[in-house]
Structure formats: C-alpha cells, structure tokens
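Below you'll find the structure, written out as structure tokens, and then a few comments.
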Amino acid sequence: MQIRYAGREDVTAITDIYNTGITSGTGTFDTALRRHRDIAAWLQADDLYPVLVAEMAGRVVGFARLFEYRPRDCYKGIAEFSIYLAEDAQGQGVGTKLLGELLVAAKAWGFHKVLSRIFTFNAASRALCKKLGFREVGVYERHGQLNGKWLDVVIVEYLVPGIRAPEKVSLQSQT
1 MQIRYAGRED
11 VTAITDIYNT
21 GITSGTGTFD
31 TALRRHRDIA
41 AWLQADDLYP
51 VLVAEMAGRV
61 VGFARLFEYR
71 PRDCYKGIAE
81 FSIYLAEDAQ
91 GQGVGTKLLG
101 ELLVAAKAWG
111 FHKVLSRIFT
121 FNAASRALCK
131 KLGFREVGVY
141 ERHGQLNGKW
151 LDVVIVEYLV
161 PGIRAPEKVS
171 LQSQT
C-alpha cells in the first residue's frame, strides 16, 4: 500500500469513493452526489489543506483530507478532516495508515488540532479515531437530518504533538 498526495489523476477515484459514502448514508450528511469539478476544487486548495490517497495495486482505494474548520482568524491552526475508503478496502488497515499519514501531514503543515464529527452509529470510524489518539469530546444531538431522521454526531479531536497553539493575546492595556 502506498500513501501519497492526491493529484488531478485521482479525481475520478476520489469522486467515486465519496459518492459511495453519500449513497451509503453512514459517513456524511451530504445527499447530492459530487461531480468531478467539486473534487478538483479540493485539490486546487491543496496548498492550504492536504488531500492524501491510499493506493493498492495501482488503484486508489481511499482518501483523507484536511479542510477549513471555520473561516474566522481565531481558528487558524485547526483543521477538520474526513476519510473515506472503497468498500473492499475497509477492515484491512488502510484507514489506520491513511489517517495516520494525514496526521503526519497536519503536523508538517503546522496545524495544532485536527477534528471531525462522526455519526454516533459509525463504530468503525470511532474506533479508528480512538486507535490513533483522538478523544471524543462530546455529542451534538440532532445535529442534522438525513433521510428525514435527526442524527447525532460525536465530536473527535486530536491535539498534534509538538505543535503549540498560538499564545493568547493579552487584552489588558500595555500602558
């Protein structure tokens, strides 16, 4: 298995994997299938946020990416992540390797925290995050609707070792 940065040649595979995640209803609140141009836009932002792919026998079988958590300046240094695997790659250690490498990339890119929201019933993703040192910090109840049902999500966070959060700015006058 090879983990590498995604390129334009991976757009079709990433689109197919993500769209399978949409139709399965287990990984995202998204309901509209993505087009190639939607995924290509992720890669255009890769100077700010990395996108990695897992490749086995010359075939992309998964991807993981960091993306903006919130646009406000106070959240710089925090990234949200997502990870999706082809169905036939699940349960083979691909997710562990791929998310592990994404955390290495997060450190190299200077992020001090990585987080995500996971459906409470997604036991595999929750176990993967726990295995890699994420902690579950809470639950958003009735966070969104999918197929007419309110779903809860678990918030997971990973504090990147060796990267310090920016110091707090003093609000007291320096006079």
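Numbering-wise, full-length UniProt numbering puts 26 at position 26 of the sequence shown, and it's gapless, one number per residue.
Idealized CB from N, CA, C, for every residue including glycine.
May I have the straight-line CA-CA distance separating residue i from residue j, to the nearest angstrom?
i: Q90; j: F119; result: 17 Å
i: L146; j: A86; result: 21 Å
i: G100; j: R72; result: 27 Å
i: Q92; j: G148; result: 33 Å
i: L66; j: R142; result: 25 Å
i: L43; j: G25; result: 24 Å
i: R8; j: C74; result: 32 Å
i: G110; j: G77; result: 7 Å
i: L33; j: A13; result: 14 Å
i: V153; j: A127; result: 14 Å
i: D16; j: R35; result: 9 Å
i: R70; j: L48; result: 14 Å
i: I38; j: K130; result: Residue 38 is actually Asp in this sequence, not Ile. Going from the Cα of D38 to the Cα of K130 covers about 30 Å.
i: G58; j: D88; result: 15 Å
i: L151; j: S82; result: 18 Å
i: M56; j: A124; result: 21 Å
Tell me the residue span of the beta strand (DSSP E) that contains residue i.
i: Q145; result: R135 to L146
i: F67; result: R59 to E68
Ends of the alpha helix (DSSP H) at residue i?
i: A105; result: V94 to A108
i: G21; result: V11 to S24
i: A41; result: H36 to Q44
Are the beta-carbon atoms belonging to residue i and residue j less than 8 Å from one another?
i: E157; j: F121; result: no
i: L98; j: V160; result: no
i: V60; j: M1; result: no
i: L115; j: E80; result: yes
i: Y18; j: P50; result: no
i: I22; j: L52; result: no
i: G162; j: Y84; result: no
i: I155; j: G138; result: yes
For residue i, list the residues DSSP reports as bridge partners.
i: Q90; result: Per DSSP, none; premise fails for Q90.
i: R126; result: In DSSP, R126 forms no bridge with anything.
i: F121; result: BP columns for F121 are empty, so no partner.
Between the Cα of residue i and those of the options, spot the shortest distance and give me the residue it belongs to.
i: T31; options: R126, T20 and R37; result: T20
i: A64; options: A105, R70 and D38; result: A105
i: residue 248; options: A41, H112, A54 and G58; result: Because the chain spans 1 through 175 in this model, residue 248 falls outside it and cannot be assessed.
i: G62; options: H112, D10 and Y140; result: D10
i: R117; options: E136, A108 and K107; result: E136
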